[in-house]
Amino acid sequence: MSADVVDGVLDAVRRRLLIRATTRVIAIALIACGVVVVLLLAADGALALPPAVRRTLRWLPVFAVLAPLPLWVRVWTRAQPARLALLVDERAGYGNVLSTYRDMNARGPVAEAFRHRTAATLGSIDAAVVVPLGPDRLWAFAGGLGALALATVITAGGADTVMARWWSVAATGPGGSTAVATVGPEARRLPTLGGIDFTIQPPAYSGLPTTRARAGETLAALPGSVIEIRGSGTARAPGLSVTVAGREARLAPRPSDEGWLVTWTVGAEDRGIALAVMAGEEVLEQRVLPLRLLRDRPPVVTLASPVADMVLGTASGTILIEARVTDDYGVADVRLHWVLSRGSGESFDFDEGEWTWDGVDATDNGRTASLSLGLDTLGLGPGDLLHIRATATDGNTVTGPGLGVSGTRQIRISREDDLSDVTTMIGFPIEREREPLLSQRMIILLTEDLRDGRGAMTREAFLAGARDIAGEQSRLRGRIGEQIFSRATGAMQDPEAHLEFEDGEAEVFLDELEGLVQRGPVIDPVTGIASIANVEIAAHEHDSDPIVAINRTLLTVYNYMWDAERELRAAALDPSLIPQNLALDELQRLRESERVFARGRVTAPPVDVPATRGTGEVDDARPAPRAAVVLGERAGPRVASEIDEWLRADRSLTGRAAAIALSSLALDLLEADLDPEASEILARAAERAEAGDAPGTREGLQRALRLLNATTIRTSEAPSGAPNSFAGARYLEAHAARPGVAARGANGVGTTRPFVFATVRYQSGDWDSAPLVPNNLVHSLVQYTDLVVAPEGVIVDLASRDVFDFPFLYLTGHLPVFFDEAESRNLVDFVERGGFIFIDDHNHDIDGAFHRSVTAELQRLFGSDRLLPVPNDHELYSSFFVFDEGPPITGHELSGWGDGLIHRQLSGIEVGDRIGVLYSNKDYSSEWSYHADNKRFLAIDNTRFGVNILLYALTR
Amino acid sequence: MMRAALALGLLVLLVVGPRLGGDETEPLAVDGSTTEVSLAQALATGPFDRPTVYSASTPPSGVTQALLAGAAESGRRVEVIVPGALPALTVSRLGPLVARRRASLYVTVRGTAGARIPLVVDDASGATDTVTVEVGPSGVTTNAIAVEPTRAGANEWTVHAGGASVVAQGWARPEAPLRILMLSGPPTWEGRYLLRALEAAGSDVTVRQELGRERSITTRGAPATASASALEGYDVLVVLGPVAASSEASIERWVAERGGGLLLVGSIAGRRASAARTPSSAPVRADASRLRWSGPAELIPLPSSDLTVDAAALPVPRSGQRVTSAPTLTDGTDDVYTTVEWVGRGRIFTTGMETWPWAMEAGLGEAHRLYWESVTEWLGGGLRSDTHLVGPTVHVGTVWTGRVEGMMPATFELVGPDRKETLRPVRTSDGAHLVRFLPTEAGGYALGADLHFGAPVTTGHEGGSWVEAALEIGGAGGTVRVASAAGDRGGRPLGSPTPLPWIAFATLAALAGASWARRRIRGLP
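Sequence order for the protein chains is A and B. Residue numbers for the first sequence follow this note's numbering, beginning at 86 and rising by one. Residue numbers for the second sequence follow this note's numbering, beginning at 7 and rising by one.
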C-alpha cells in the first residue's frame, strides 16, 4: 500500500511539474517572440529593411517561439521518480525520507517503524506545496512585453500592415524601385481595390448630365467635374493611397457600404489618378486611370455691326452696334467696351467705359446683343477716335470665366482737312503736313464737278479750272515720285522738306533710274548679295528689272497720274477721269497690300547695305558664350525601353506584380505629360495583366511601344550603288581618293533668306507709331555684324499667315491694343512655334492705355503667370554688346516724360527656356525713332541694345 | 656532245619556259588560300583582260573582296562562283548600331519580275510592320528598311517575305547622344531652327556662329576651326555657310577615313559643282507639296505641306569609285534640292532647301525635329569603328570561324538563342585573329565586344559574307554564278605550286655543273 501512496505522490508532483514547465515555456516563448518582434519592428522603422532582409528575418519570431521547447523536453525527460522524490524531500521539508523510503533495503523493526512513520507522513504531502502553479513574475513580464509588442505593432501601422509588410514581401518591380506583393494564398487576405467604377458630375455651368462608367472605359471630364470613384475592395485608408497625376495632390478615400469611395474634383492641370494599396512603402496593388481633359473654349464674339471701321464727317446720328456670341457651354455675360482717345503725337488722353446694350437675346448656341448708339450724346469732336469692342464671358467658374473678345472697330471723327490726304486713313489722325495735298479722290471729285458745271462757266474759267486741277494732279504725282526716288536711291529724305517734281523732272528722274540700272549691281562684300541702288533683288521677281519690280505699283500710279495730268492740261476732263480712277484704284490696292505706305508721311529709306556694312564700332561687343541647353529627363524613351524589356524578357505578363509595374509606367507617362493615348493603353494593359490575360497584355504593350517610339518601319529603294555591306564600305575607305567634300563657293544658297525686320500691323491702336525704328535697327545690324539683312523692313498683318514668314516681329503703339480672334490665334501660334516678338510701349505713360491693354491681352492669351521680369543678367544683355545693368535707360525715362519712372527690367514670356515675347515699357520706340544717318551725332549709339535683341532672336 | 645538249636545252627553256608559267588567257583563279598580296600583285601586273574567278567554299576575306570589286569596277572580267543557290531573301546591315538610333537593314528579295511581295519586319518585342516591295525587271529588289535598336547589346529583327524568314542581328552600343559640332556663318533662321531641332532631339551640340567683325557666339569649348584633332570628338559636323579653306583637307580626311558625318546646309561643294552640271545658285521658290523624297530609309522626310520655300538646285555628285551619291529630294522636275553621299567610311548630306517654314509656318515643329534628328542620326552612322568581323553564314552544328580585322578587343561576347558566353580571339600562325563558336540552335547570333569597353563590333549571321561579296562584286560590274557542284573552278589557281621553268633550269644547271666537274676530274679541258 505504501508503494502505491508513494507513486501517487510522485505522479501528482510530476503532473504538476509538467504543467508548470509547459506554462513557463509558453511564457518564455511569448517573451522571446515579443522581444524579437519589437526589435524587428524597431529596426525596420529605423532602417527600412529591404524586402530580402525582411523575408529572412520574418522567421525569427517563429524561432523565438520554438526556442524554449528544449526546456520543456528537458523537464519531461528528467522527471524520473528518484529526482521527483528528492524534489519532494526538498520542497516538503521532511528531509530525505521519501528518497530513503523508496530505496531502502533494510529490514527489521527499525525499518518497519521507519516505513510506518513515513507512510503516515506521505499522506500529508501536498503536491501543490511541492510544485506551486500560480502566476509568477515570468507571466507578469510576458504580459508587459506583450503590451509593448502590441504598441509597437500599432505604431507600425497595425496588424494588417505589419503582416502585409512582413509576410507579403516577394519581388521587386522591373524598374528596380518598386517592390510589389506576391500573389499567393496570403494575397487573398490582403486589402484590395476591387472593382472600380465612377460617376462623373460635370460642373454646373456646363449643363451636362451626370454620367457613369467603369474602369477600362475612357475617363473624360471638364475641369471642375466631380468624379466619385468607388471600389468594391477591402482597402482602407491609410493603406489606400489616391494620387492625382499632374499635380502633387493626394485625395482622402473613405469607407462606403460597398467598399471605399473617393471624390476627385478635376483640376485644369490634372492628367489622371493613381490608386494604390500600400503596406508601408510597398505597393500591393495599383491602378491608373488616365484622364482625357475636356477643354471649355472661350466664347466667340463677332461684331456684326458696324462691319468695318468708320470715318465720320460729324459726330451726329445713330450707329447700330450689334454683337453675336457663341459658346460651347453657354454665355454668361455680354458687354460693350469703349475707349475714347484724344490727342496727337506723343500726347494722348484716354477715357474708357462700358455701354449697356439695348437688348440681349438668346440664340441656339449663344446670344446676340444690340445697341443704337447716339453719337450726339457722346460729345465727340473732330479728331477723336472711338474704339469699340464687345466682350463676352462664359459661365466657367472653374478655369474661367473664359473671355471672348470681338475685333475692335474704330470710329473717327474727321478733321476738316482729312480728305485732302493722299489716302484717307482709318485710325488716329496723323500730324498735319504743312502743305497738304489733295487726294486722288478729291481731284476726281473736282474734275467731275468741273465737268458737270461746264455749262454754266465761261471757257476761260473752265480752262483755268482744268489747269488748277492739273496742278493738283501734278503735285500729287510729285509726291509719288518722291516715294519712288526715296526707295530707289536710298537718299535721305528730309522730313522737313517737301520735294516736288516740276514739269519734266519726272522724266529726268526716270532717266536717273535707268542710269543706275546701266551701271550694274553693287555687290555686298560680305553677303555677296547683289543690289541695285540699295534695292534688294527680289528672288521671286528676278525676271524683271529690280527697280521696276519693287516700284511697279507706284510707277503705274505715277504713269496714270501723268496721263491724267496731260489730259487735264488739255481740258479733256472725261479722258482724264479714266487714268484718274485707275490711279485711285491702284492707290487703294497699294494701301491694302501696304508694301509701300504711300500716305504722305515721312518714311525711312532702305538701308544702303554695302555702304553701311562694317561701319559700326565693335570694340565693346563681347558676345557671351552660348548657354548649354538642359533637357529634362526624357520619360518617353525610358518607358519605351522598359516596355521593350517586358516584351523581350522571359517574364510573366500576368499577375499583380506585372499589373503594378505596368500601371507604374502608365503613371510615369501621365506625370511627364506625355502621350496620353499610350498611357491609357498601358493602364488597360495593366488591367489585363491583373485579369490574367497575357495575350491582351502583350498586345497593349506592343501598341504602347509603337506609339512611344513614334517611328514606323520605313522602306525605300536602296540607291543604286549604295554600299550595302561593311566590306563595301571598307573598300571605299581603302580606295577612296580625296573625294572633295569641302563646302565653299555659293554662300547660303537656298537656305539663307535675309533677315527681314517685320513690323506688326494690328487692327486696333496705332501700330505704325514708330515708322523709323525698323530701318534704324536694320542699319545697326548691318553696321555691326555680317548678317544677311534685307535693306528695309516689311509690315505684316498679325491676322494673316504672313507673320509666320518672319520669326522676328516688332509691335508698338500708343493706343489701346485689343487682339481679335485671328490675331490672338496667330500670336499664340507664332510664339509657340518659336517666333520672337518684341513689344514696346511707345506711350510710356504709367498704367497707360497701351501698357495696360497689351499686358492684359498677353495674360489673356498666354496665362496670367507667364509674363515675368527678365533678370538683368539674362543672356539677352550679352548676346552682342554687354549691358551689365540690364536694359539701357531711355532718354524719355531720364527726362521724366511719361510716367517719370526708370524701369529696371523688361518682361518676357518664355517658351521652353527661350524668350518668345519680350515686353518693354521703356519706350525704345521713341528712343530709336530717328533717321539712321543721325546716329553719327550720338556719342554712343543707343540702338546697340536693339542689336542684342535681334541677335538673341536669331541665335537662341 | 654534252655541251651541245645543254645549249639546246637552255635554248628550249628560253623559248618554252615562259609558257610553262601558265596561259595568260587562262582565268586567274582565286580561292580562300590565295594571299592578298599575290592577288594584288597579279591584278596590278597581269594582263588586264585576263579573267579573274573566285571560287571557294568560303567567301573571300574583306581585302580580297575589295580587290575583286575594285578590279570589276575598273573593267576587269571578274566572276564570283557562289556555292549553292542565292537565297530568295537576304538581309544585311551597314554601319555600327547604337541603341535608340535609327539604322538600315538592306533587304534583298528575289522573285518574279514585277511581283509585289509583302515584307514583314518583326523586332524582338513583337512590334511588327509591313511594307510591300516590287521586284524589279532583273528579278531582284533591294530595299532599305529603317529600324531602331531598342537597347544596348544584341538586337534582333526578323524579316519575312515570300515564305522566307531571315533573322538579322546586330550589336548596339549603349545609347548616347550624338556629338555634333555646328560651324555657322552669320545667323540665319534656318540655322536657328536647325539648332533648336538638334537640341530638342537630345544631341550634344557645340556651336560656333560667326557674327562678323571677328565676333562669334560659341558654346564653351567650341573649336575655332575644324581641324583633324577638333573633329575627332564629334560624330557629325554641321556647316552652315562657307568653310574656311584651311579646314577643307581635315574635313575631307575626317569624313572619308574616320567615318564622320558632314551636313552641309546652304552650301555647295565647290569642287563638285562642275561634276555633273552647273548648279543654279539663284534660289527658287519650291512648292513643298510637290517634293519627292527618297534616299536612306533612316531619313524621316518632312511631311507634304502647303508651303512655298526657298530652295536651290544642287548638282548631284557623280557616283564612282570614290563616292556613291543619290538625290534625296526633288520637286518633281529635274531639280534636286538634297543629296546624300557615302564617301569612304563617312557620309555627307547636302541640302539647298530651307526647312524652318515647316516648323514656323506649317506648325509642324515635331516633324521638323524628327527630320533633322533622322538626318544627323544617319550621318552619325558612318564606320567609325576600327574593328570588323567577317565570316561565313552560320550553320547549326558547324563550327563558325570569323576573322577579326582591325583593332583587337580582348574578348567578344556571344549572344545566341541558346546561350551567352565570352569568347577570346585566337591568334593563328599567320597573324590573323579568329573567333570560333559552335551554333547549336537555329536563330540569330550576335558577337560584340564588351559593352563597357565600347568597341563596336557587329555581325549578322544570315546573308553573310557570300551575299555581301556577291552584291558588292556583282554591283561593281562583276558577274555572279551559282556553282553547279562544289569545287567548280574556272582556271588554274594563282601561284602555281610547280615552278616548271625553274626546275628545268636547275636541272640543266646541275647537268652543266656535273659535266664540268667530270671533265675536270678527267683532266679534260
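All residues carry an ideal CB built from backbone N, CA and C; glycine is no exception.
Residue i versus the options, residue with shortest Cα-Cα distance
i: residue 351 (chain A); options: A:302, A:376 and A:198; result: A:376
i: residue 297 (chain B); options: B:34, B:65 and B:310; result: B:310
i: residue 419 (chain B); options: B:303, B:178 and B:128; result: B:178
i: residue 1029 (chain A); options: A:1004, A:989, A:1016 and A:972; result: A:972
i: residue 663 (chain A); options: A:673, A:654 and A:646; result: A:646
i: residue 45 (chain B); options: B:148, B:69 and B:65; result: B:69
i: residue 285 (chain A); options: A:768, A:403, A:297 and A:115; result: A:297
i: residue 408 (chain B); options: B:454, B:423 and B:389; result: B:454
i: residue 706 (chain A); options: A:1023, A:204 and A:968; result: A:968
i: residue 435 (chain A); options: A:935, A:304 and A:299; result: A:935
i: residue 201 (chain A); options: A:90, A:846 and A:340; result: A:90
i: residue 378 (chain B); options: B:36, B:86, B:244 and B:250; result: B:244
Where residue i falls, given that 16 or more other Cβ within 10 Å makes a residue buried
i: residue 523 (chain B); result: exposed
i: residue 766 (chain A); result: buried
i: residue 53 (chain A); result: There is no way to answer for residue 53 (chain A), as the model of chain A reaches only from 86 to 1041.
i: residue 220 (chain B); result: exposed
i: residue 190 (chain A); result: exposed
i: residue 580 (chain A); result: Low confidence applies here, because residue 580 (chain A) scores a pLDDT of 35, under 50, leaving its location unreliable; read the following figure in that light. Per the 10 Å Cβ criterion, exposed.
i: residue 181 (chain A); result: exposed
i: residue 542 (chain A); result: exposed
i: residue 406 (chain B); result: buried
i: residue 734 (chain A); result: exposed
i: residue 169 (chain B); result: exposed
i: residue 1019 (chain A); result: exposed
Contacting residues, own chain, Cβ-Cβ under 6 Å from residue i (five flanking each side not counted)
i: residue 95 (chain A); result: 166 and 169
i: residue 467 (chain A); result: 498 and 500
C-beta atoms of residue i and residue j nearer than 8 Å
i: residue 83 (chain A); j: residue 441 (chain A); result: In the structure as shown, chain A begins at 86 and stops at 1041. Residue 83 (chain A) is therefore absent and cannot be evaluated.
i: residue 315 (chain B); j: residue 342 (chain B); result: no
i: residue 525 (chain A); j: residue 548 (chain A); result: no
i: residue 361 (chain A); j: residue 317 (chain A); result: no
i: residue 841 (chain A); j: residue 875 (chain A); result: yes
i: residue 34 (chain A); j: residue 877 (chain A); result: With chain A running from 86 to 1041 in the structure shown, residue 34 (chain A) is simply not present.
i: residue 416 (chain A); j: residue 475 (chain A); result: no
i: residue 246 (chain A); j: residue 309 (chain A); result: no
i: residue 56 (chain B); j: residue 383 (chain B); result: no
i: residue 895 (chain A); j: residue 859 (chain A); result: yes
Same chain, Cβ closer than 8 Å to residue i, five either side skipped, listed in chain order
i: residue 708 (chain A); result: 963, 964, 965 and 1036
Residues of its chain near residue i, where Cβ-Cβ distance is below 7 Å and the 5 sequence neighbours each way are ignored
i: residue 669 (chain A); result: 525, 526 and 529
i: residue 938 (chain A); result: 901, 902 and 903
Evaluate contact between the segment 897–906 of chain A and the segment 482–496 of chain A, counting only Cβ atoms and requiring at least three cross-stretch pairs below 8 Å.
-> yes
Cβ contact check for the segment 447–467 of chain A and the segment 407–418 of chain A: 3 or more pairs under 8 Å = yes
Three or more beta-carbon pairs under 8 Å between the segment 165–185 of chain B and the segment 221–231 of chain B, yes or no?
-> no
Specify whether the segment 184–193 of chain B and the segment 212–219 of chain B touch according to this definition: at least 3 beta carbon pairs, one from each stretch, less than 8 Å apart.
-> yes
Would you call the segment 352–371 of chain B and the segment 910–920 of chain A in contact, with 3 or more CB pairs under 8 Å?
-> yes
Flag this pair as touching only if the segment 935–944 of chain A and the segment 1008–1024 of chain A have three or more C-beta atom pairs under 8 Å; answer yes or no.
-> no
The segment 303–319 of chain A touching the segment 393–408 of chain A, judged by at least three CB pairs closer than 8 Å = no
Tell me, please, whether the segment 143–156 of chain A touches the segment 100–112 of chain A by the rule of three or more beta-carbon pairs shorter than 8 Å.
-> yes
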